[in-house]
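Taking our numbering, the leading residue of the sequence shown gets 3, the next gets one more, and so forth. For glycine and all other residues, C-beta sits at the position ideal for the given N, C-alpha and C. Below: one structure, written as structure tokens.
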Amino acid sequence: MTYIVNDSCIACKYTDCVEVCPVDCFYEGENMLVIHPDECIDCGVCEPECPADAIRPDTEPDMEKWVEFNRKYSEMWPVIITKKDQLPNAEEMDGKEDKMELFSEAPGEGG
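And the structure:
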């Protein structure tokens, strides 16, 4: 089992989760985070830390696409281990549906 970040993170990018991760398996894109599925140790401490409820276990239905999405971008983006401010419109974007059209493949700064 692993945890994934889904599209609820897009345009919010809360980073509360990275501070509690014991193995530093979060990676930062321009407007979201992902989890490297091969580095995640399934501890689950990150899931309750996400204000946007974007972190889910891969055992839920239809999660395979998110495992592959997280794998792809975690191999392209820099690791993030330090909490940063969320994106400026995070509260407004939190809970919006169909945010994939807003997704950016650009890497974040990491750190």
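Mind checking whether M65 and I6 have CB atoms under 8 Å apart?
Looking up residue 65 in the sequence shown gives position 63. Looking up residue 6 in the sequence shown gives position 4. The answer is yes: Cβ separation under 8 Å.
Under three-state DSSP, which class holds L89?
By 1-based counting over the sequence shown, the position of residue 89 is 87. Note: L89 maps to coil in three-state DSSP.
How long is the line joining the alpha carbons of I57 and I37, rounded to whole angstroms?
Reading the sequence shown from its first residue, position 55 is the one you call residue 57. Reading the sequence shown from its first residue, position 35 is the one you call residue 37. Computed Cα separation, rounded: 9 Å.
Taking DSSP as the reference, what is the three-state secondary structure of E66?
Along the sequence shown, read from residue 1 onward, the residue named residue 66 stands at position 64. In the structure shown, E66 sits in a helix (DSSP, three-state: H, G or I).
Less than 8 Å separating the beta-carbons of P39 and R73?
Sequence index remark: in the sequence shown, residue 39 carries index 37 (1-based). Sequence index remark: in the sequence shown, residue 73 carries index 71 (1-based). Result yes, Cβ atoms of P39 and R73 sit closer than 8 Å.
So E77 is in the beta strand (DSSP E); what residue range does that whole segment cover?
In the sequence shown, residue 77 corresponds to position 75, counting from 1. Premise fails: E77 is in no beta strand (DSSP E) and is neither H nor E.
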